[in-house]
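My numbering numbers the first residue of the sequence shown as 231 and each following residue consecutively. Even for Gly, the Cβ is constructed at its ideal location relative to N, Cα and C. Quantities reported herein were computed from a predicted structural model and do not represent experimental measurements. Before any comments, here is the structure.
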Amino acid sequence: MRAASLALVPVLALACAVPAQEPAQLCWLDLEGDTARQVTVQRVPRRYLGHPTTTLLADGHTLLCVYPRGHGKGPIVLQRSTDGGLNWSAPLPVPESWATSKETPTIHRLVDRDRVERLVLFSGLHPIRRALSTDNGVTWSELEPIGATEADRFGGIVAMASVVRLQNGDHAAYFHDDGRFFAADGERSHFTVYETRSQDGGVTWGSARALLSDPALDLCEPGVVRSPDGKRLAMLLRENSRRQPAQICLSDDEGATWSPPAPLPQSLVGDRHVGAYAPDGRLLISFRDMAPDSPTRGDWVAWVGMFDDLVSGRDGQYRVRLSRNWNGTDCAYPGVEMLADGTFVLTTYGHWEPGESPFIRCVRLRLDELDALAARQQQSGVEPEFARPPGTIHPTARIEAWWKERVAADLEAAKAGGFEVLFVGDSITQGWNAAGKATWRDLFEPRHALNLGVSGDRTQNVLWRLDHGLIEPLAADARVAVVMIGTNNATRGECTPAEIATGVEAVVQRLLDGLPHAKVLLLAIFPRGPRDDAPARRCVETNALLAARYADSDRVVWRDIGERFVAPGQPIEKAVMPDQLHLSKPSYRVWGDAIVADIDVLRR
Numbered sequence: 231m232r233a234a235s236l237a238l239v240p241v242l243a244l245a246c247a248v249p250a251q252e253p254a255q256l257c258w259l260d261l262e263g264d265t266a267r268q269v270t271v272q273r274v275p276r277r278y279l280g281h282p283t284t285t286l287l288a289d290g291h292t293l294l295c296v297y298p299r300g301h302g303k304g305p306i307v308l309q310r311s312t313d314g315g316l317n318w319s320a321p322l323p324v325p326e327s328w329a330t331s332k333e334t335p336t337i338h339r340l341v342d343r344d345r346v347e348r349l350v351l352f353s354g355l356h357p358i359r360r361a362l363s364t365d366n367g368v369t370w371s372e373l374e375p376i377g378a379t380e381a382d383r384f385g386g387i388v389a390m391a392s393v394v395r396l397q398n399g400d401h402a403a404y405f406h407d408d409g410r411f412f413a414a415d416g417e418r419s420h421f422t423v424y425e426t427r428s429q430d431g432g433v434t435w436g437s438a439r440a441l442l443s444d445p446a447l448d449l450c451e452p453g454v455v456r457s458p459d460g461k462r463l464a465m466l467l468r469e470n471s472r473r474q475p476a477q478i479c480l481s482d483d484e485g486a487t488w489s490p491p492a493p494l495p496q497s498l499v500g501d502r503h504v505g506a507y508a509p510d511g512r513l514l515i516s517f518r519d520m521a522p523d524s525p526t527r528g529d530w531v532a533w534v535g536m537f538d539d540l541v542s543g544r545d546g547q548y549r550v551r552l553s554r555n556w557n558g559t560d561c562a563y564p565g566v567e568m569l570a571d572g573t574f575v576l577t578t579y580g581h582w583e584p585g586e587s588p589f590i591r592c593v594r595l596r597l598d599e600l601d602a603l604a605a606r607q608q609q610s611g612v613e614p615e616f617a618r619p620p621g622t623i624h625p626t627a628r629i630e631a632w633w634k635e636r637v638a639a640d641l642e643a644a645k646a647g648g649f650e651v652l653f654v655g656d657s658i659t660q661g662w663n664a665a666g667k668a669t670w671r672d673l674f675e676p677r678h679a680l681n682l683g684v685s686g687d688r689t690q691n692v693l694w695r696l697d698h699g700l701i702e703p704l705a706a707d708a709r710v711a712v713v714m715i716g717t718n719n720a721t722r723g724e725c726t727p728a729e730i731a732t733g734v735e736a737v738v739q740r741l742l743d744g745l746p747h748a749k750v751l752l753l754a755i756f757p758r759g760p761r762d763d764a765p766a767r768r769c770v771e772t773n774a775l776l777a778a779r780y781a782d783s784d785r786v787v788w789r790d791i792g793e794r795f796v797a798p799g800q801p802i803e804k805a806v807m808p809d810q811l812h813l814s815k816p817s818y819r820v821w822g823d824a825i826v827a828d829i830d831v832l833r834r
């Protein structure tokens, strides 16, 4: 078989034109703070885990989840839950070839015409490959191209985003490509949505045919749901150029022909739509919110309504924020499964803690629970505000074992009491225990100082430490808190200077509130890296905001001693900061000499 026919499938003029929308009447709900619903599937410090898909086995409670160990690419990880997503196994053994995956994997449970059940896992780009399991995922075949010969093979992105069982027992799988990977020597062009079919439950697949290709629309990541009566298919599509909202196409002939794309209502504008039906016939669709004016843009959300709402362009019944994403719009390739008892298990990735690497989370819910929440909300008259304070002021714990040990050790040290001077910060402050040890012993031990610097900390991590027992044992004796924090918030670009400054202000205020006898010596973030680097520029802008904020404060003294290390406009010398960030041993002496007089004045 040849790999593809590039002639587009004929379209039918189906009734999917979306009428002008009335003001939104749907009920907005927020589950962001409902931590009892949240289960961590997998989280690894400083490792990007993302883009999962799931499948539910025939027993109605066993789930499998696959995802790449990286941003849309990398070795495939497989995990299992035998209790409906309440607990998850560690990563399971997988075939060696799964480590060669170059794209987001997807997993599907397919039943062929002879009622033989098998699991099929796909890995995309060129060529699309698949692995099979006939024992509920205990053992798997290696990844192999789905075409029998080189001429039969084709590639794509997010293969296969959606697989639907057709009424004749075949399966249709849908995916997209942007011209680069469909053929081995492809070049980037406009996006095209493809379909391929299998007659044997996913073992072999036929030629791919192009369904949708419009230079004005970057249509991709098709999610297909069938109407409750089984007669119609709806394909929900991400519009990647953002020139248009997400789109919908309909088919009344088992995917042989599709209607022209039409915009989805604002309540469904987003990416990677995946849906499933509740026992009462309502449809839940999980996706990443990308509506331009949405208060939850970039978050993981769900939509609840009827299939007819999709066809008619109505906003539906509920719009639910499942989890806030703390880094732009990087989240939500969802798995959606409904258990035998009507519980939805929704699984995806996101930056669920500010400043931390993304990880895999599932949220469990029932629609009757959403009904009860909506009723209470209506009775109270209080609707969710979907406030989006910056992550820099959201107290956040870190999961590294060494961090927990360091925090516990600092707390025990604080409980000893008698500390008049506190140093609060990140690795640069922690360095008083290493390169700055001699200066610390000479200048600050006699002044009853305690070093509370922790490597890698951001403002939100300091806030968590202060909120979890650190302030109370220090309140009676502390007279000065020396604070320098914020450089790590500037590193990855997830924070603006204004957000970093807001986080620093929150740390300062928490200290002032909890240490009634103390004043704060707030230091400007030290120079770092090449001056034209984005993190360095963000630190400079943050310092300017803080200098203005504390220009006239009774309990906060602002000091910028950066020029003692680096002359204006000059590069940082290795003798000063060997890695252009952390201080050398002589530089700690410079730092200590620069602030000791201020400390003595503030201690009085």
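Each residue's CA atom was taken as its position, placing P493 and W258 some 21 Å apart. Just measuring C-alpha positions, the residue of P584, D640, F653 and D601 sitting nearest G621 is P584. In this structure H406 is not in contact with L362, their Cβ atoms being roughly 23 Å apart against a cut-off of 8 Å. Taking a contact as a CB-CB distance under 8 Å, the pair L256 and G546 counts as one, their CB atoms being some 5 Å apart. For the pair Q496 and W533, the Cα-to-Cα distance works out to about 11 Å. By DSSP's assignment, D782 forms no beta bridge with any residue. In the displayed model, I590 falls within a strand according to three-state DSSP. Assigned with DSSP and collapsed to three states, K749 falls in strand.
In the three-state DSSP reduction, H420 falls in the coil class, being neither helix nor strand. Remark: C-beta atoms of G528 and C479 do not approach each other more closely than 9 Å. Our two residues, L696 and W556, have alpha carbons roughly 21 Å apart in a direct line. About 6 Å separates the beta carbon of V651 from that of I829, a gap short enough to meet the 8 Å contact definition. Residue environment analysis places H338 among the buried positions, since at least 16 neighbouring C-beta atoms fall within 10 angstroms of its C-beta.
With a cut-off of 8 Å on Cβ pairs, the stretch 654-666 is not in contact with the stretch 604-623, counting fewer than three such pairs.
In this structure, the CA atom of E484 is about 7 Å from the CA atom of L463. When DSSP reads this structure, H401 sits in a beta bridge with R395 and S428. Between G280 and Y563 a beta carbon distance of about 7 Å is seen, short of the 8 Å cut, so the two are scored as contacting.
Cβ-Cβ distances below 7 Å link N773 to A754, I755 and D790 in the same chain, with the five nearest sequence neighbours on each side left out; the list follows chain order. Closest by C-alpha distance to D707, out of A748, W670, T732 and Y278, is A748. Excluding five sequence positions before and after M520, the CB atoms of its chain that fall closer than 7 Å to its own CB belong to V499, G500, D501, R527 and T559, given in chain order. A direct Cα-to-Cα measurement between D539 and S587 gives close to 36 Å. Under the three-state reduction of DSSP output, H698 falls in the helix class.
In summary, W632 is exposed, with fewer than 16 beta-carbon neighbours lying within 10 Å of its beta-carbon over all protein chains present.
Taking S457 as the centre and dropping the five residues before and after it, the same chain places the C-beta of F537 closer than 6 Å to its C-beta, in chain order. With a beta-carbon spacing of about 7 Å, V531 and R549 fall inside the 8 Å limit used to define contacts. Under the three-state reduction of DSSP output, I387 falls in the strand class.
Non-local beta-carbon contacts of G572 in its own chain, meaning distances under 7 Å to residues more than five positions away in sequence, involve A508, P509 and R596 in chain order. Its Cα nearest to that of V786, the residue P746 stands out among A320, P816, P746 and W821. Restricting attention to P491, P757, E326 and V826, the CA atom closest to the CA of R677 is found in V826. Per the DSSP secondary-structure output, L308 pairs in a beta bridge with V296.
With a contact defined as Cβ atoms closer than 8 Å, Y780 and L811 miss out at about 24 Å. Residue pairing by DSSP puts P493 in a beta bridge opposite Q477. Minimum Cα-Cα distance from R277 among the listed residues F589, K815 and Q739 corresponds to F589.
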